[in-house]
Amino acid sequence: MKAFNMRISAIAERILMLAIVMLFSIGAAFAQAQASTADLRGLVTDPNEAIVPGATVTARSPATNITRTVTTNDEGTYQIFALPPGEYEISAEAATFKKTVISPVRLTVGQSAELTIKLEVGTQDVVVNVSGDSVDLVETTRTSVSNTIDQQRIENLPINERSATGFALTISTVGRDNGRPIGPAPTSGLNIGGQRGRSTLVQVDGSDFTDNSINAARTTVSQEAVQEFQVATNSYAPEFGRATGGIINVVTKRGTNEYSGNIFGFIRDKSIQARNPFAPFKSAFTRTQFGGTLGGPLPFLNFGEGGPVTTSGRDKNFFFASFERRQRNETGFFTSNVAQGLGGSVTFGGQTFNRITPQQQQFAQGLIASNNPALINAAVSYLYLASGGGNTALTGSNPLFAPPCSNPPTSFCNPAPANPFLIGSRFFLSGAPVPANTRNAAGQFIAFRPLLNLPQVFPVTDRSNFFSLRTDHNLNTDNQLSFRFGYNPGTLTGIQDESQNQSIGQNDFSRTGVQKLKDYSFTAGLNSTVGERAANEFRLNYGRRETSFRSQNNDATSINIGGAAFIGRNPFSPVDRTETRFQIADNFNYIIGTHTLKFGGDVNFIKIPSAVFELNFAGLFNFGPLAAGNLNAAFAPLGAPDL
């Protein structure tokens, strides 16, 4: 009996919890619309602002001619669920009133908008048109904190690498993810509300686009295929409970009754790029992105007897296809700090500066020998930097850029212009030339001169493709069906890591990674209305992501020389992963008076049939302490390493 009572108590607790959840669902009516659609509600009133029950309210999309019609209840309110984002023409009519048409009414993804319609007394054959650039809508019942990046911003604002989700950075609570990057395990790249990038949930057309193995965003679609997206940062609906940070909800473009498309191409070349301040010359940089889109009505076979073989598809079937290719041929930078164990020393004023290269020694002694106080002070400052392996900025007022000294010498002059290692002849101490166009706003030469180092460059390449095809089918006024297929293959090289005690600026080319991936996605959605009180959204999602990551040097071991260089095999290699996702989601809304009940479920079946994610596969050797300019005695006789 005791066990029976405990079981009854447990069941009662569950029923109580369900009741509480239902209560909160009722209280949060219209807090947030469906994942990929919008809702519209409001009042219909007469000129005296009295309610008008029994009025007919119709929402029509001019682009596709899809219409939805509802009737106001006894309290004069109307509610239209699951409208695809876009522009609508809203009309209302009732007996003894003129018909009122309002356009354009712009609905955005995730919006629960309110629009009050005021009817004028008259006959229904008289139409009152209310038009403008856009009708302002309010959301008095919204509880989520969210922003929408609309198509106008996506089309007109500049963005690096044409990644549409990068526009989320225009929101005050969104920043770049500053976590230490791991080559085979990138993040979404966005810090939302102070949360790390792996806490962000990315959805496309209401379906999850997350790589669950590493909690990162999968490859989405071309910027040209994005209609808009919503960024929810706080208090979002329960169906988004898998996110501990923020939510990025992307909606792709759909076809209309008119054929339209575009061809685009963008190029960035080193000729219009600024020189990297740590490089003595402009390095290779070419980035091209090109592609096109096409959308419109989708003709279908006519299976009836007689008549044309195909139907035009207008008002019924639509498609939108997009393709984009990204090609990058750029340059990565690597600098190893080297302490010259066999270098000379300079003594001045009782202070001995060790680990000085012969060129630096000659330069400093030349400045000291000038007996010019300004040059002597510059020499002492330089020796401190050089012996410590630091960096210094060289400007036009620096003796290194100064003209030859006169007799007697003046301030800021070069005592030995014939010395090829002096900047007076516009040469770095290492002998690398300073670009003639490297000047500051005052017209002076300026550059950053890392001391005691070996700078190197290496190629960074990217070959990525983004293909997407979406079809929409208006089965009838109550049911709309959509499909989308995406395929995104890509190969990237020159990927650097900053984990495992590595530093990006000191990673040798051998430490960089090569990543190949293939991302497949297929989504299907059915939006249905059941009478005027209920609406249902059903989604299926299948995704497959294949990724591999190899080190640029697969035969070497990993060697870490802290403060000097990181060479050899990438410690996060090899990586081979395949992840498949099958998602089923359903949301059902039902209206009771002025309240809305929302039920639903979301199930993800995630399978990882194969996964190889090695760490330090070929071994890792750490040497230290090797702070910059403080060479370990065991390595001093070796001099500068040949990297």
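Numbers 112 to 754, taken from the working numbering, label the letters of the sequence shown in order. Think of the CB as a built atom: it goes at the ideal place given N, C-alpha and C, for glycine as much as any other residue.
Counting only the same chain and skipping the five closest in sequence on each side, list residues whose C-beta sits under 6 Å from that of residue i.
i, result
"Ser579", "Val332, Ala336, Ser433 and Gly597"
"Phe716", "Phe693"
"Ala824", "In the structure as shown, the chain begins at 112 and stops at 754. Residue 824 is therefore absent and cannot be evaluated."
"Lys718", "Thr691"
"Pro309", "For the record, residue 309 in the displayed sequence is Arg; it is not Pro. Answer for Arg309: Thr298 and Asn326, listed in chain order."
"Thr330", "Asn599 and Asp630"
"Leu404", "Reading off the sequence shown, one finds Thr at residue 404, where the question assumed Leu. Closer than 6 Å at Cβ, skipping near neighbours: Glu335, Gly372, Asn373 and Ser433."
"Arg593", "For the sequence presented, residue 593 should be read as Ser rather than Arg. Here the set comprises Asp583 and Gly636."
"Ala161", "none"
"Leu628", "Gly601 and Thr658"
"Ile378", "Thr399"
"Val216", "Tyr199, Ile201 and Val246"
"Asp380", "Thr397"
Is residue i helix, strand or coil when you go by DSSP?
i, result
"Val491", "helix"
"Phe432", "A small correction: the amino acid at residue 432 is Ala; Phe does not occupy that position in the sequence shown. Note: Ala432 maps to strand in three-state DSSP."
"Lys393", "coil"
"Glu441", "strand"
"Lys381", "helix"
"Thr276", "helix"
"Arg622", "helix"
"Pro600", "strand"
"Pro484", "helix"
"Phe320", "coil"
"Ser310", "helix"
"Ile615", "helix"
"Asn270", "According to the sequence shown, residue 270 is Ile rather than Asn. Correct three-state label for Ile270: coil."
"Gly712", "strand"
"Ala475", "helix"
"Glu690", "strand"
"Phe351", "helix"
"Gln607", "coil"
"Arg329", "coil"
"Leu592", "strand"
"Ile303", "strand"
"Ala336", "helix"
"Thr298", "coil"
"Ile282", "coil"
"Ile293", "coil"
"Arg152", "strand"
"Arg264", "helix"
"Pro419", "coil"
"Pro720", "strand"
"Ser579", "strand"
"Asn373", "strand"
Can you round the beta-carbon distance between residue i and residue j to whole angstroms, since I take them to be within the 8 Å contact cut?
i, j, result
"Val762", "Glu198", "Because the chain in this structure spans residues 112 to 754, residue 762 falls outside the shown range and cannot be described."
"Asp619", "Ile678", "4 Å"
"Phe354", "Ile325", "Checking the sequence, you will find Ala at residue 354 rather than Phe. Wrong, their Cβ atoms sit about 15 Å apart, outside the cutoff."
"Thr182", "Lys229", "Actually they are not in contact, since the Cβ atoms of Thr182 and Lys229 sit about 18 Å apart, beyond 8 Å."
"Ser147", "Gly317", "4 Å"
"Gly221", "Ala149", "7 Å"
"Phe445", "Gln626", "The pair is not a contact, with the Cβ atoms about 19 Å apart (cut-off 8 Å)."
"Thr169", "Thr178", "6 Å"
"Thr167", "Thr180", "6 Å"
"Gln591", "Asn638", "5 Å"
Quick one: residues in its chain with C-beta nearer than 8 Å to the C-beta of residue i, no 5 flanking neighbours on either side, listed in chain order?
i, result
"Asn271", "Gly277"
"Val714", "Gln694, Ile695 and Ala696"
"Glu350", "Ala146, Ala696, Asn698, Gly711 and Asp713"
"Arg776", "Because the chain spans 112 through 754 in this model, residue 776 falls outside it and cannot be assessed."
"Thr421", "Pro410, Phe411, Leu412 and Asn413"
In chain order, what residues of the same chain have a beta carbon less than 7 Å from the beta carbon of residue i, not counting five sequence neighbours either side?
i, result
"Thr207", "Val232"
"Glu369", "Gly407"
"Arg644", "Tyr701 and Ile702"
"Asp666", "none"
"Leu154", "Ile162, Gly187, Thr188 and Thr227"
"Gly757", "With the chain covering only 112 through 754, there is no way to say anything about residue 757."
The ligand FMN and residue i: does the residue's C-beta get closer than 7 Å to at least one heavy atom of that ligand?
i, result
"Phe320", "You won't find the ligand FMN in this model; it holds no ligand whatsoever."
- Message: Extract the residue ranges of the beta strand (DSSP E) inside the region 639-684, only unbroken runs of 3 or more that lie entirely within it.
- Response: Note on the region 639-684: whole beta strand (DSSP E) runs with a minimum of 3 residues are 645-662, 669-672 and 676-679, in chain order.
- Which parts of the region 165-252 are runs of the beta strand (DSSP E), unbroken and 3 residues or longer, counting only runs that do not cross its ends? As far as the region 165-252 is concerned, its whole beta strand (DSSP E) runs of at least 3 residues are 167-171, 178-182, 188-194, 197-204, 210-218, 223-225 and 238-242.
- Does the count of Cβ pairs from the region 282-294 and the region 337-344 closer than 8 Å reach three? Touching, yes.
- Message: Does the contact criterion of 3 or more C-beta pairs under 8 Å hold for the region 238-248 versus the region 260-278?
- Response: Two segments are said to touch when three or more pairs of C-beta atoms, one from each, lie closer than 8 Å; by this definition the region 238-248 does not touch the region 260-278.
- Message: Counting beta carbon pairs with one atom in the region 356-363 and one in the region 300-314, are three or more of them shorter than 8 Å?
- Response: Yes, the region 300-314 is in contact with the region 356-363.
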